[in-house]
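Here's the structure, in structure tokens; my notes come after.
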Amino acid sequence: MKLNWSLQKSKSSRMSQATPEHPLKRTEEPLTKDNDQPPPFQSALYWFDDGNVILQIETKQYRVHRSLLSRHSKVFKDMFSLPQPAMDPGPITSDGCPVIFLCDKATDLEHALSVIYDNIR
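Residue numbering for the sequence shown follows the UniProt record's numbering, beginning at 1 and increasing consecutively.
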């Protein structure tokens, strides 16, 4: 396979760029597309009306108690105490609660929440 790219040096930069005759074929895609995922749904077990933070994994949301999670988990305590980046346009909220997006598996979070919440029932 032969690639046929025509590159020229930019006057303002040392980096090479594709010419108008041969534009780049790939463009960067956003990390997530809002239209690709269904709307989030609430956890049946861990959705508390008096919860003050919403944790979201994929399309599942958990409305839980920030102070309780911080008290029983150093991971949550550290996560909640991290300062937000200066470029952050503001927190995403739902029902007046900040929404925190996690990259973990839902089952892993549910195991952690069961350890915390099942011990206080």
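Heads up, the beta-carbon is just placed ideally off N, CA and C, and yes, glycines get one too.
(1) Using the three-state DSSP reduction, which class does Phe101 fall into: helix, strand or coil?
(2) Could you tell me which of Gln56, Tyr117 and Arg71 sits nearest to Ala106, measuring between CA atoms?
(3) So Gln61 and Ser43 are supposed to be a Cβ contact under 8 Å. How far apart are they, rounded?
(4) Going straight from the alpha carbon of Phe76 to that of Arg66, what length do you get?
(5) DSSP three-state label for Glu29, please.
(6) Skipping 5 residues on each side, what residues in its chain have a beta carbon closer than 6 Å to that of Ile54?
(7) When we look at the beta-carbon of Leu113 and count the other beta-carbons within 10 Å, is it buried (16 or more) or exposed?
For this structure:
(1) DSSP, reduced to helix, strand and coil, places Phe101 within a strand of the structure shown.
(2) Selected option, being the one with the closest Cα: Gln56.
(3) For Gln61 against Ser43, the beta-carbon gap comes to about 7 Å, under 8 Å, which counts as contact.
(4) Cα to Cα, Phe76 sits roughly 8 Å from Arg66.
(5) In this prediction, Glu29 scores a pLDDT of 46, lower than 50, which makes its location untrustworthy; the coordinate-derived value is nonetheless stated afterwards. Glu29 sits in coil when the DSSP states are folded into three classes, being neither helix nor strand.
(6) Correct list, in chain order: Gln61, Arg63, Ser94, Cys97 and Val99.
(7) Leu113 counts as buried, since at least 16 other C-beta atoms from the protein chains shown sit within 10 angstroms of its C-beta.
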